[in-house]
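Below is one structure, written out as structure tokens, with a few remarks after it.
In the numbering used here, the protein residues as written are 29 to 128.
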């Protein structure tokens, strides 16, 4: 893959990651109960509780990030596509078998 294509894919991946993070933060803010006396914030409590909450968030978001990475980084450069197309045409002109 060409360096510019990788750069574009990585940039799109970062934008998608930022968008997913923004959506997650809004959904957490919207799901927060309005009439509670006192609830723990994300970083309050013992460090093991905070680590467990972080692990749960990471596990919840990882499939989304994986699907986004597959969709955004699966493209090939124009040169690679042209090479595949050329090989396919060569095989058709040989009759589909080995031309050797």
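A virtual CB, placed ideally from N, CA and C, is assigned to each residue, including glycine. Computed from a predicted structure; not experimentally measured.
Helix or strand or just coil, what does DSSP make of residue 74?
Working through the chain shown from its first residue, we reach residue 74 at position 46. Reduced to three states, the DSSP call for residue 74 is coil.
Taking the alpha helix (DSSP H) that residue 104 falls in, what are its first and last residues?
To locate residue 104, count along the chain shown from 1; it is residue 76. Premise fails: residue 104 is in no alpha helix (DSSP H) and is neither H nor E.
Assuming residue 92 contacts residue 40 (C-beta within less than 8 Å), just tell me the rounded distance between them.
Here residue 92 is taken as the residue at index 64 of the chain shown, counted from 1. Here residue 40 is taken as the residue at index 12 of the chain shown, counted from 1. Not really, about 15 Å apart at Cβ, beyond 8 Å.
If you reduce the DSSP assignment to three classes, tell me which class residue 118 lands in.
Within the chain shown, residue 118 is the residue found at index 90, counting from 1. DSSP places residue 118 in helix when its eight states are reduced to three.
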